[in-house]
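Notes follow once the structure below has been shown.
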Amino acid sequence: MLIDDVAGAVLREPPIFPPSAAFSAQAAISGMDAYRTLCAEAERDYEGFWGRLGRDALTWKKPFSTVLDESRAPFYQWFKDGELNASYNCLDRHVEAGQGTRVAVIFEADDGTVTNVTYQDLLQRVCRFANALKKRGVQKGDRVVIYMPMSVEGIVAMQACARIGATHSVVFGGFSSKSLNERLVNVGAIALVTCDEQMRGGKALPLKNIADEALAMGGCEAVKSVIVYRRTGGKVAWHDGRDVWMHELMQAESDQCAPAWVGAEHPLFILYTSGSTGTPKGVQHCTGGFLLWAAQTLKWTFDWKPSDVFWCTADIGWITGHSYIAYGPLALGATQVMFEGVPTWPNAGRFWQMIERHKVSLFYTAPTAIRSLIKLAEADIKVHPDSFDLSSLRILGTVGEPINPAAWMWYYEHVGRARCPVVDTWWQTETGGHMIAPMPGATPLVPGSCTLPLPGIMAAVVDETGQDVPDGQGGLLVIKRPWPSMLRTVWGDPERFRKGYFPDDLGGKLYLAGDGAVRDSETGYFTITGRIDDVLNVSGHRLGTMEIESALVANPLVAEAAVVGCPDETTGEIVVAFVVLKGPRPEGTEAERIANELRAWVGKEIGPIAKPKVIRFGENLPKTRSGKIMRRLLRSLAAGDEITQDVSTLENPAILDQLG
Ligand code: WT7
1 MLIDDVAGAV LREPPIFPPS AAFSAQAAIS GMDAYRTLCA EAERDYEGFW GRLGRDALTW
61 KKPFSTVLDE SRAPFYQWFK DGELNASYNC LDRHVEAGQG TRVAVIFEAD DGTVTNVTYQ
121 DLLQRVCRFA NALKKRGVQK GDRVVIYMPM SVEGIVAMQA CARIGATHSV VFGGFSSKSL
181 NERLVNVGAI ALVTCDEQMR GGKALPLKNI ADEALAMGGC EAVKSVIVYR RTGGKVAWHD
241 GRDVWMHELM QAESDQCAPA WVGAEHPLFI LYTSGSTGTP KGVQHCTGGF LLWAAQTLKW
301 TFDWKPSDVF WCTADIGWIT GHSYIAYGPL ALGATQVMFE GVPTWPNAGR FWQMIERHKV
361 SLFYTAPTAI RSLIKLAEAD IKVHPDSFDL SSLRILGTVG EPINPAAWMW YYEHVGRARC
421 PVVDTWWQTE TGGHMIAPMP GATPLVPGSC TLPLPGIMAA VVDETGQDVP DGQGGLLVIK
481 RPWPSMLRTV WGDPERFRKG YFPDDLGGKL YLAGDGAVRD SETGYFTITG RIDDVLNVSG
541 HRLGTMEIES ALVANPLVAE AAVVGCPDET TGEIVVAFVV LKGPRPEGTE AERIANELRA
601 WVGKEIGPIA KPKVIRFGEN LPKTRSGKIM RRLLRSLAAG DEITQDVSTL ENPAILDQLG
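Counted from 1, the sequence shown has number 567 at position 567 by the UniProt record's numbering; the numbering is strictly sequential.
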């Protein structure tokens with residue numbers, strides 16, 4: 001097997017790490033036989049398998065009698081006649097079971113202050129806020145946008161929406177006012193929950209100001225309430241009548257609020273993600289199937305037990321923060337750490353220090369974070385994981401992008417001290433939870449491979465016509481059968497959902513992930529080879545090249561722009577933009593000045609994460625005679641590779657020298 005990692009290093013015959021006998025013995029899935037038994041159960045009786053999990057993992061107000069309804073495929077419905085409430089499942093049922101004093105969230109603020117929140121306390125806060133939302137006119141089915149930092153209040157806002165049957169849409173705090181405005185408009189929000197300022201790395205960022213700007217851009221006049229969590233007490237502008245303090249609303253409300261029972265298919269949330277067009281898509285998730293998988297995957301992939309302290313470092317603005325902070329751990333009644341700040345502040349030992357301090361046993365982070373911390377740790381022993389007591393750790397996880405074998409090995413050896421399985425979890429915003437990942441007590445690990453599909457997940461590699469390709473050959477990663485936590489639609493655009501995820505070319509029945517993959521012929525292990533569409537992955541964040549291009553061409557100086565990704569050792573990929581100005585092609589310091597101006601522009605249009613690291617100016621872009629931009633060529637140029645592609649169809653070959 002050959003693993004070609006994003007950083008360009010190639011490992012032949014990679015090492016294999018089977019779980020220790022002791023680890024397997026205590027694990028929920030205690031070996032490959034146990035794993036295969038579950039897979040076989042799903043193969044034999046698909047609905048029986050999922051029905052069993054659905055009944056065991058969740059508490060239903062009204063039990064379901066139908067497991068899967070395929071009559072409106074690909075608009076699949078799961079557990080559709082069942083009724084439940086996500087917030088009840090995450091809070092009340094644990095309190096009712098006598099677990100009210102159990103710590104739900106250990107919150108560590110940017111400055112290191114720690115607050116423990118019990119299940120009882122969280123339930124009361126959620127009830128107060130749910131009542132407040134109702135008082136502000138928010139009803140079942142209404143959409144509430146949450147533009148919040150990492151905070152217990154962020155979870156409270158999400159859970160309170162779930163409690164009353166409102167659908168939330170969390171917008172990551174790093175998005176610009178323009179991106180926030182687009183999402184408010186598209187989702188048709190009637191309320192916005194935000195914060196005065198966000199604290200990260202000792203710096204305050206004015207979220208409320210950005211929210212005000214977003215609302216002033218118009219199109220979202222339906223937003224009648226802006227509810228503001230006071231984090232720093234910093235100065236904010238105030239619109240009387242519209243703006244209200246979260247704490248004032250909550251003080252005035254009762255700490256009891258009966259949950260609204262909703263059908264399993266009721267939309268729990270909409271989360272925007274980038275695709276291959278210029279406009280982000282609102283991925284719509286349901287209540288029952290989503291919650292089931294968020295909880296179940298923690299039991300399997302992280303072998304979660306009540307004694308564990310779980311810590312997922314993702315932001316609640318991304319799917320990982322939905323599935324593995326705001327819902328999954330709470331549905332299990334787990335104790336989890338939540339962190340407001342950044343891994344490098346006050347120094348790059350922050351993660352290791354927090355693991356030691358809170359005795360974290362299950363740690364889940366992104367390859368980018370690991371890669372950047374490796375560099376800093378190697379330069380300074382004080383922030384090296386070797387300098388901390390990490391003996392509480394049991395399992396390490398990664399998510400968001402491929403992890404190169406070298407980073408995997410460092411994580412395994414220095415953070416896990418060669419005794420913790422590393423679970424490389426492949427999944428997506430659209431899948432709601434893990435899809436391909438090792439079972440830590442069963443699967444022998446191979447650095448760089450996310451290994452095998454979870455029980456019940458029918459992953460395969462096919463060609464452009466939907467036919468299986470032989471193992472060892474690359475192809476398109478697909479999921480052959482629906483699963484409970486799959487996205488239900490693209491909000492407001494069911495055709496985009498159908499065409500994009502169940503394309504007719506593949507026969508209309510396979511879920512197309514948008515990633516390339518290879519399955520190993522001996523082990524059956526999957527290795528993800530990266531996106532097959534115009535989507536970039538920068539530090540685990542998904543960015544559409546078209547979105548960045550639209551932002552660039554909206555600048556008055558720009559005539560044309562093409563954006564591609566270029567492999568990067570730390571961030572996986574960087575954004576490279578090829579730009580043609582309306583005026584002459586700039587050179588030297590003038591080129592640098594305009595490039596900086598365009599970067600700032602993209603930051604304003606989308607958010608800082610989308611800023612092109614490299615901008616190259618040309619008098620034109622490489623095009624075919626029919627006028628199509630040759631992106632493959634641009635990718636080679638960006639990577640500094642020799643051009644090996646056929647350039648005979650290129651209209652203007654001289655341009656390559658300018659852009660190279
Ligand atoms: C894309 C999904 C999954 C939550 C965070 C990102 C890439 C994700 C892995 C992995 C290789 C991975 C894929 C996927 N990706 N996990 N373990 N190995 N690639 O969610 O923003 O929806 O992005 O991230 O390309 O399609 P997302």
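The C-beta atom is built at its ideal place from N, Cα and C for all residues, glycine as well.
Spatially closest choice to residue i from the options, by CA coordinates
i: I319; options: V461, D380, V399 and V244; result: V399
i: D111; options: Y272, N347 and T313; result: N347
i: T167; options: V152, G188 and K178; result: G188
i: V262; options: D69, N89, C450 and A21; result: N89
i: residue 661; options: T113, D380, E265 and E464; result: The requested residue 661 is not part of the displayed model; the chain covers only 1 to 660.
i: E70; options: E401, P259 and K509; result: K509
i: N404; options: E43, D641, A86 and E573; result: E573
i: D646; options: I655, L659 and R632; result: R632
i: residue 692; options: F363, T232 and D255; result: Any answer about residue 692 is impossible in this case: the structure gives the chain only from 1 up to 660.
i: residue 666; options: G98, R102, S274 and K61; result: No answer is possible for residue 666: it lies beyond the span of the chain, which begins at 1 and ends at 660.
i: E430; options: P470, I146 and Y511; result: Y511
i: Q99; options: W483, S20, V558 and A331; result: A331
i: L637; options: L659, R417, C420 and A460; result: L659
i: E597; options: A437, L552 and R635; result: L552
i: M435; options: Q353, V469, G516 and T297; result: T297
i: A109; options: W491, E560, R350 and A57; result: R350
i: L517; options: R496, V478 and D505; result: Going by the sequence as given, residue 517 is Ala instead of Leu. Taking only the C-alpha atoms, the option nearest A517 is V478.
i: D505; options: T465, R519 and R55; result: T465
i: E213; options: R200, E522, A222 and S179; result: S179
i: A314; options: P438, S30 and G173; result: G173
i: Y324; options: F363, N620 and K235; result: F363
i: N131; options: I146, V105 and A160; result: A160
i: V490; options: I270, G627, S626 and T115; result: I270
i: R519; options: E560, A418 and G472; result: G472
Cβ pair residue i, residue j closer than 9 angstroms
i: A369; j: Y327; result: no
i: H384; j: W311; result: no
i: M217; j: N181; result: yes
i: D493; j: G282; result: yes
i: E401; j: P367; result: yes
i: G154; j: V171; result: no
i: Y46; j: R488; result: no
i: G397; j: T301; result: yes
i: C450; j: T529; result: no
i: I655; j: P622; result: yes
i: H266; j: M158; result: no
i: G565; j: N537; result: yes
Whole-angstrom C-beta distance between residue j and residue i, which should lie under 8 angstroms
i: V156; j: F175; result: The Cβ separation is near 21 angstroms, so there is no contact.
i: A211; j: V226; result: 7 angstroms
i: A57; j: L292; result: 5 angstroms
i: K390; j: V415; result: In the sequence as displayed, the identity of residue 390 is Leu instead of Lys. That pair is a contact at about 6 angstroms.
i: G448; j: W408; result: 6 angstroms
Cβ-based burial, residue i [other Cβ within 10 Å; buried from 16]
i: A554; result: exposed
i: K135; result: exposed
i: G241; result: exposed
i: V6; result: Residue confidence for V6 is low, a pLDDT of 36 falling below 50, so the modelled location carries little weight and cannot support an answer.
i: D657; result: exposed
i: V614; result: exposed
i: L11; result: Per-residue confidence for L11 stands at a pLDDT of 46, beneath the threshold of 50, marking its modelled position as unreliable; the derived number appears in the next sentence. Answer is buried; the Cβ neighbour count reaches 16.
i: Q251; result: exposed
i: K375; result: exposed
i: I3; result: Its pLDDT being 37, under 50, I3 is placed unreliably by the model, and the measurement read from it follows with that caveat. Burial call: buried.
i: P556; result: exposed
Sheet register partners of residue i (DSSP bridge)
i: E108; result: V114 and F339
i: E573; result: P567
i: H168; result: V144 and F269
i: N537; result: R542
i: W245; result: V228
i: A189; result: R143
i: C286; result: P267
i: T443; result: According to DSSP, which records beta bridges pairwise, T443 is partnered with nothing at all.
i: C220; result: C220 pairs with nothing; no bridge assigned.
i: R531; result: D515
i: P453; result: I436
i: M199; result: A204
i: R616; result: F578
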